[in-house]
Each structure stands twice: as C-alpha cells, then as structure tokens.
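See below:
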C-alpha cells in the first residue's frame, strides 16, 4: 500500500482504523468497490506499525480506540507523515477536531459520524482530498 501520489494511474490507498470489525469490513469492501487499495487494522498502534512499512494516501480513523485513542494517533502520525490525508469517522456525537489539528493541511476539518447512510460521501471526500480538490 505505497503512497500512490507519485505513481500515475495507481489506485489510491486507504488505511482504515476502527476497533469494530463490522465497521472495518463495511468500509474495506466499500472502498475496494470504489477502486481503492485498502488495509484495515483495529488499533492505532497497529496502524503506526503498518505506516512504518507502507504509507497510504489517506487514513480513516475512529476516535475511540482501545489503547492509544484516535487523537493521540493523529498527533503522532501527522508529525511523522504530514503528506498523508487524515479523516475522522466516529460514533461519538460530541466529537470535534481539536484546534491544533484543524489548522494542519492534511487533516480533514469535516467529521463523519457513524452510522453513515451513504458511504459514497466518505469515499468521495477521500478522493477529493487525495487528488487535491
């Protein structure tokens, strides 16, 4: 799952971080159906390990995760890989993106809340971010 930004014609890649298996599977299948290369993990720690090996174009991250939470993951990942795009997909209705993260270009200011009725909203947003639109 190498960053495809420099490879013409290569499929975009997305890493999905969610501790709920049904969410991971649903997102993985949706993004694969949309032509993305996908990888999914159930923890922030595993995501950091995956990203050490292969960088995705975008990461979809849940905020409430066992161990390291999504916000801590974002702060670490952004400092290591600032060119990756990060999107929050959470079940927490009170969630917001902290000010220190909102101003970072790779972090989407738009939050997506579970359950999302139309997953195309999420995949279209990821596509737009990765293509610079």
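In the working numbering, the protein residues as written are 750 to 882. Just so you know, even glycine gets a beta-carbon here, dropped at the ideal spot from N, CA and C.
| Asked | Found |
| --- | --- |
| Residue 853 - DSSP class collapsed to helix/strand/coil | coil |
| From 877, 881, 872 and 792, residue whose alpha carbon lies closest to that of residue 777 | 872 |
| Between the CA atoms of residue 793 and residue 827 - distance to the nearest angstrom | 13 Å |
| DSSP-derived helix/strand/coil call for residue 808 | strand |
| In DSSP terms, what residue 829 is bridged to | DSSP lists no partner for residue 829. |
| Residue burial classification, residue 819 (beta-carbon count within 10 angstroms, cutoff 16) | buried |
| Endpoints, beta strand (DSSP E) assigned at residue 764 | 762-766 |
| Delimiting residues of the beta strand (DSSP E) encompassing residue 883 | The requested residue 883 does not occur in the structure, where the chain is confined to residues 750 to 882. |
| Member of 783, 782 and 805 whose CA lies at the smallest distance from the CA of residue 790 | 805 |
| Beta-ladder partner(s) of residue 839, from DSSP | 862 |
| Where residue 811 falls, given that 16 or more other Cβ within 10 Å makes a residue buried | buried |
| Which residues DSSP lists as bridging residue 834, in chain order | 807 |
| Three-state secondary structure assigned by DSSP to residue 769 | coil |
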